[in-house]
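Numbering (this note's numbering), first residue to last: -3 to 161. Backbone N, C-alpha and C define an ideal beta-carbon position, used for all residues, glycine too.
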C-alpha cells in the first residue's frame, strides 16, 4: 500500500488517526480523535468531525461533512454533497443537546446530495439513490429512492437489481 498523502491545504489534527494509503485532498479538515482507516479517499472540502470513525477503503466525495455520532464501516461510498445530521431537535443553543448516532454498514453507498437523518442504520451493501432523504433504517442489500426514501429493489454487492423488495 502506498504512503498516506495529505494535501498542503488540508488541516489534520495531530490527535486524529489516518490509515496507511489514505489520501486527504484539498481543504479537508479532520478533527481530533477522528479515526480514518487504510486506503480511504477524502475528497475536496470534506469535513470529518471529532471522534468520527471511518473504516478502510472508503471514498468520501467533495463537500461532505461527517459529524460526531456518524460511524462508517469498510468499503463505503459517500457521494458529493451528501448530508448527515446528528441532532433530532437542532437549535442554535440547547443545554439538553445530545448526539444521535447513525451507522453506515460495510459496503453501502450513499448517492450525491442525499440527506441521512440521524438515528438510523444503512445496512450492508444497501444503496441510497442520489437526492434521497433517508428517515428510517435501510435493510441490507436494498435500494432506496425518494423523499422520504422508500425501498424499490433488492440489490447485490455491486448494486445491480436482483429482485423486488
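- Secondary-structure assignment with DSSP links residue 79 through a beta bridge to 61, 111.
- In the three-state scheme derived from DSSP, where H, G and I count as helix and E and B as strand, residue 10 is classed as coil.
- In this structure, the CA atom of residue 83 is about 6 Å from the CA atom of residue 96.
- Nearest in C-alpha terms to residue 33, of all of 40, 131, 48, 151, is 48.
- Taking all protein chains in view, the Cβ of residue 145 is crowded by 16 or more other Cβ atoms within 10 Å, so the residue is classified as buried.
- Separation of residue 72 and residue 86 (C-alpha to C-alpha, rounded to the nearest whole angstrom) is 27 Å.
- When the five nearest sequence neighbours on each side are left out, the beta carbons in the same chain lying within less than 8 Å of the beta carbon of residue 130 are those of 110, 111, 112, 113, 116, 118, 124, 140, 144, 145, in order along the chain.
- Rounded to the nearest whole angstrom, the C-alpha separation of residue 104 and residue 66 is 14 Å.
- Short of 8 Å from the beta carbon of residue 149, and not among the five residues preceding or following it, lie these beta carbons of its own chain, in chain order: 138, 139, 157, 158, 159, 160, 161.
- When rounded, the separation of the alpha-carbon atoms in residue 136 and residue 98 is 15 Å.
- Contact between residue 68 and residue 50 holds: CB atoms are separated by about 4 Å, below the 8 Å threshold.
- It is roughly 31 Å from the alpha-carbon of residue 31 to the alpha-carbon of residue 142.
- For residue 138, the enclosing beta strand (DSSP E) starts and ends at 138 to 141.
- Annotated three-state conformation of residue 149 is strand, per DSSP.
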